[in-house]
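Number of protein chains: 2
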Amino acid sequence: MQKEQTIDHALRATWQSVAKMYNEQAAKHNSTMAMAFVLLNIDIENGTPSTALGPLMGMESTSLSRILKNMEGKKLVYREKNPIDGRGILIKITEFGLKKRNTSKEHVLKFNETIRKHISEEKVNHFFEVTETINKLINEKTIFNNKPTK
Amino acid sequence: MQKEQTIDHALRATWQSVAKMYNEQAAKHNSTMAMAFVLLNIDIENGTPSTALGPLMGMESTSLSRILKNMEGKKLVYREKNPIDGRGILIKITEFGLKKRNTSKEHVLKFNETIRKHISEEKVNHFFEVTETINKLINEKTIFNNKPTK
Numbered sequence: 008m009q010k011e012q013t014i015d016h017a018l019r020a021t022w023q024s025v026a027k028m029y030n031e032q033a034a035k036h037n038s039t040m041a042m043a044f045v046l047l048n049i050d051i052e053n054g055t056p057s058t059a060l061g062p063l064m065g066m067e068s069t070s071l072s073r074i075l076k077n078m079e080g081k082k083l084v085y086r087e088k089n090p091i092d093g094r095g096i097l098i099k100i101t102e103f104g105l106k107k108r109n110t111s112k113e114h115v116l117k118f119n120e121t122i123r124k125h126i127s128e129e130k131v132n133h134f135f136e137v138t139e140t141i142n143k144l145i146n147e148k149t150i151f152n153n154k155p156t157k
Numbered sequence: 008m009q010k011e012q013t014i015d016h017a018l019r020a021t022w023q024s025v026a027k028m029y030n031e032q033a034a035k036h037n038s039t040m041a042m043a044f045v046l047l048n049i050d051i052e053n054g055t056p057s058t059a060l061g062p063l064m065g066m067e068s069t070s071l072s073r074i075l076k077n078m079e080g081k082k083l084v085y086r087e088k089n090p091i092d093g094r095g096i097l098i099k100i101t102e103f104g105l106k107k108r109n110t111s112k113e114h115v116l117k118f119n120e121t122i123r124k125h126i127s128e129e130k131v132n133h134f135f136e137v138t139e140t141i142n143k144l145i146n147e148k149t150i151f152n153n154k155p156t157k
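Quick mapping for you: the protein sequence lines, in order, are chains A and B. According to the working numbering, the first sequence holds residues 8 to 157 in order. According to the working numbering, the second sequence holds residues 8 to 157 in order.
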């Protein structure tokens, strides 16, 4: 249908469109997608080591630090010394953060349910298979070897 | 298979993984994915109005300005007054930029071909159908209406 429809373009454009939607939704709650994403990634029982959050979210530590500071200001999270690792810091969720986390979770559910209502399960499963194949081939360095080119 | 596999998570994680791969590949050529993406989006015959590039790429104008400045420094692109719109600026590609553009194009092709070699056409088509459905539902505001919430 489209001229030059590529898999990478579909991924990028669709993710950007989802991110824009989530950010608009978050803005109504005086929040951002990144903050919602942090809330969804924190272990609500034990907290999560601050150093583990970046890799979990695929985010650089400088961006993450800025977001966490902002979230502390909003009383969504707080810091606590890690009882296991004396030098480490745990990020823990507040009662208010937990409430906001539930709202975010509802939005994620609503998004996924709505999509699934409009397309067959088989097609959604194939979508997941394609994304898994992409991740696998990238991780195995099948697409580009990492030797320096001529 | 995975606990809580969501469509948005698969999109985000896969796009991040693709972006990382493209950036690693671009780095070997002393470039970035964003620069490659600009080269691929410029009209090689007539140039592209600077104001049109942002929306084409889904990028904010401040980020784009920084990238274009960098690309001018590397002699990949140059600015020219728009003959149709006296106040407008066209971004045009240099000979060197064209060479780099072809390299980027080869990488995009190689990525897409490799994926398609490892998964059936039917599944790839279903992947595209799912991304089209997502974009359509978001554009039609079917998922979240934009009225302020209580």
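C-beta: ideal position from N, C-alpha, C; glycine also.
- Secondary structure of Pro-62/A (DSSP, three-state): helix.
- Within the region 40–126 of chain B, complete alpha helix (DSSP H) segments of at least 4 residues are found at 40–48, 57–64, 68–80, 102–125, given in chain order.
- Using a CB distance cut-off of 8 Å, Ser-68/B does not count as an interface residue toward chain A.
- For the region 100–114 of chain B, the set of residues with a beta-carbon nearer than 7 Å to any beta-carbon of chain A is empty.
- Judged by beta-carbon spacing, Thr-55/B lies beyond the 8 Å limit of Lys-82/B, meaning their Cβ atoms are not closer than that value.
- According to the DSSP assignment, Glu-128/A belongs to the alpha helix (DSSP H) that extends over 128–146.
- Rounded to whole angstroms, the gap between the alpha carbons of Gly-95/B and Ile-49/B is 15 Å.
- For Val-25/B, there are no CB contacts under 6 Å within the same chain when 5 residues up- and downstream are skipped.
- Taking a C-beta cut-off of 9 Å against chain A, the contacting residues of the region 24–37 of chain B are Ser-24, Val-25, Ala-26, Lys-27, Met-28, Tyr-29, Glu-31, Gln-32, Lys-35, His-36, listed in chain order.
- Check the Cα spacing between Met-78/B and each of Lys-88/B, Pro-62/B, Ala-59/B, Arg-108/B: the tightest is with Arg-108/B.
- For His-125/A, same chain residues with a beta-carbon under 7 Å away, outside a window of 5 residues either side, do not exist.
- Within the model, the alpha-carbon separation for Gly-104/B versus Val-84/B is close to 6 Å.
- Taking a Cβ-Cβ threshold of 7 Å, the residues of chain B close to Ala-17/A are Phe-135, Thr-138, in chain order.
- For the pair Ile-98/B and Ile-122/A, the CB atoms are not nearer than the 8 Å cut-off.
- In the DSSP assignment, His-16/A falls within the alpha helix (DSSP H) that extends over 14–35.
- No Cβ of chain A is located within less than 8 Å of the beta carbon of Lys-81/B.
- Residue environment analysis places Arg-19/A among the buried positions, since at least 16 neighbouring C-beta atoms fall within 10 angstroms of its C-beta.
- Proximity to Asp-92/B across Thr-21/B, Ser-57/B, Phe-134/B, Glu-52/B peaks at Ser-57/B, based on C-alpha coordinates.
- By the neighbour-count definition (other C-beta atoms within 10 Å, threshold 16), Ala-34/B is an exposed residue.
- Its Cα nearest to that of Asn-53/A, the residue Pro-90/A stands out among Gln-32/A, Thr-69/A, Pro-90/A, Pro-62/A.
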